[in-house]
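Mapping the sequence shown onto full-length UniProt numbering, position 127 (from 1) lands on 127, and the numbers just tick up by one.
First up is the structure itself, then whatever we jot down about it.
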Amino acid sequence: MKAVAYFHSLPIQDPQALQDIELPEPVAGPRDLLVDVKAISVNPVDTKVRQNVQPDAGTAKVLGWDVAGVVKAVGSEVSLFKVGDKVFYAGSIARAGANSERHVVDERIVGHMPKSLDFAHAAALPLTAITAWELLFERLGIKQGDADEQQSLLIVGAAGGVGSILTQLASQLTALKVIGSASRPETQAWVRELGADVVVDHSQPLSEALKGLGIDAVTHVASLTQTDQHLDQLVDALAPQGKLALIDDPKALDITKLKRKSLSLHWEFMYTRSLFETADMIEQHHLLNRVAELVDAGTLRTTLGEHFGTINASNLRRAHALLESGKSKGKIVLEGF
1 MKAVAYFHSL PIQDPQALQD IELPEPVAGP RDLLVDVKAI SVNPVDTKVR
51 QNVQPDAGTA KVLGWDVAGV VKAVGSEVSL FKVGDKVFYA GSIARAGANS
101 ERHVVDERIV GHMPKSLDFA HAAALPLTAI TAWELLFERL GIKQGDADEQ
151 QSLLIVGAAG GVGSILTQLA SQLTALKVIG SASRPETQAW VRELGADVVV
201 DHSQPLSEAL KGLGIDAVTH VASLTQTDQH LDQLVDALAP QGKLALIDDP
251 KALDITKLKR KSLSLHWEFM YTRSLFETAD MIEQHHLLNR VAELVDAGTL
301 RTTLGEHFGT INASNLRRAH ALLESGKSKG KIVLEGF
């Protein structure tokens, strides 16, 4: 089967950074689905793994953890899906990625694809939807409905992939006052379109920007980018006993700054359940099915930003380069081989 992979960690400008190759067909295990990959999207994790994980000598490493496709075969213990089902999922970082014509994945982390979306628009959703959902409802403990009417959420980096879903979930499913940060006019407009009540520029001091808008403090912060650079501002902006959640990888984080206000720190990593095969791993199946229902009901919208054409090394190198530039808006999707 066709696949895109790398043999050495190289700068994305190098033609060998991602290559078109042929690989043997994968075989589904007992709880696995064998999926015909129809569309994929690209995430920062793809660039981080490519830059930092050197494959064993002579071994090809396949990236890609966002898929929409069709079930081609099922393992002997599969009970949630059947051949022919349209599915979407983010997969497991402990297994081969999905930048290939066929892919195997544990059924417990797979959802039924939204009926109202084509493969490209569905592929933009899984990883960011899981991350945003777990961060909001599980890590920060926000309740759906009106329970948190007096609470507020600052989303730092609201125009990115996770931020684009998180902004929608918070504005559509909770009573939170949603404040999104974005640094450019076009990304600020995007965040407003997704439902943020207020938009601030994170290239300026955040706590000062909030106070300039009459917001003395927020109860929750979702820091999706450059947490180490913004930490002092976030601590200043948070109300006493507030909650700070992050998804990025700061080189250092002085958490003693959180003590005086009794702030709590929460880290979200959507691969934790699949990586450790936790007892509640199937929650990602339920979560994705719920996201599909919300999309089909018109409550959530896909965050496809750009369609980069067919799935090949050249187009994936372009996608990685755009992500590394920090100037992408929404999700980059590729479709077909």
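Each residue gets a CB set at the ideal place from its N, CA and C atoms; glycine is no exception.
Which residues DSSP lists as bridging residue i, in chain order
{"i": "His266", "result": "Ala245"}
{"i": "Asp20", "result": "Val4"}
{"i": "Phe337", "result": "In the DSSP output, where bridge partners are listed per residue, Phe337 has none listed."}
{"i": "Thr225", "result": "In DSSP, Thr225 forms no bridge with anything."}
{"i": "Thr174", "result": "Gly145"}
{"i": "Phe88", "result": "Ala68 and Gly111"}
{"i": "Arg102", "result": "Asp36"}
{"i": "Ser181", "result": "Val156 and Val200"}
{"i": "His220", "result": "Leu153 and Lys243"}
Under 9 Å between C-beta atoms of residue i and residue j
{"i": "His320", "j": "Thr47", "result": "yes"}
{"i": "Ser164", "j": "Gly330", "result": "yes"}
{"i": "Ala73", "j": "Ala17", "result": "no"}
{"i": "Ala98", "j": "Val62", "result": "yes"}
{"i": "Thr302", "j": "Gly336", "result": "no"}
{"i": "Ala68", "j": "Ala96", "result": "no"}
{"i": "Thr219", "j": "Leu238", "result": "yes"}
{"i": "Asp36", "j": "Val78", "result": "no"}
{"i": "Leu169", "j": "Leu300", "result": "yes"}
{"i": "Phe2", "j": "Asp20", "result": "Looking at the sequence provided, one finds Lys at residue 2 rather than Phe. Against a cut-off of 9 Å, the Cβ pair of Asp20 and Lys2 comes out as a contact."}
Cα-Cα separation, residue i to residue j
{"i": "Ala129", "j": "Leu288", "result": "8 Å"}
{"i": "Gln188", "j": "Val156", "result": "12 Å"}
{"i": "Ser274", "j": "Asp280", "result": "10 Å"}
{"i": "Trp133", "j": "Val221", "result": "14 Å"}
{"i": "Leu135", "j": "Ser9", "result": "30 Å"}
{"i": "Thr174", "j": "Gln54", "result": "42 Å"}
{"i": "Glu193", "j": "Ser41", "result": "22 Å"}
{"i": "residue 356", "j": "Val198", "result": "Because the chain in this structure spans residues 1 to 337, residue 356 falls outside the shown range and cannot be described."}
{"i": "Lys143", "j": "Thr272", "result": "22 Å"}
{"i": "Gly326", "j": "Phe276", "result": "30 Å"}
{"i": "Leu166", "j": "Pro240", "result": "23 Å"}
{"i": "Asn52", "j": "Asn312", "result": "21 Å"}
{"i": "Phe308", "j": "Lys261", "result": "46 Å"}
{"i": "Lys82", "j": "Ala5", "result": "29 Å"}
{"i": "Leu231", "j": "Ala297", "result": "37 Å"}
{"i": "Leu294", "j": "Ala122", "result": "13 Å"}
{"i": "Asp56", "j": "Phe7", "result": "8 Å"}
Length-filtered (4 minimum) alpha helix (DSSP H) runs lying within the region 263-309: 272-276 and 283-296
Inter-stretch contact (C-beta, 8 Å, three-pair minimum) for the region 74-90 and the region 109-118: They touch, by the three-pair rule.
Sufficient close CB pairs (3 or more, under 8 Å) joining the region 247-267 to the region 218-230: yes
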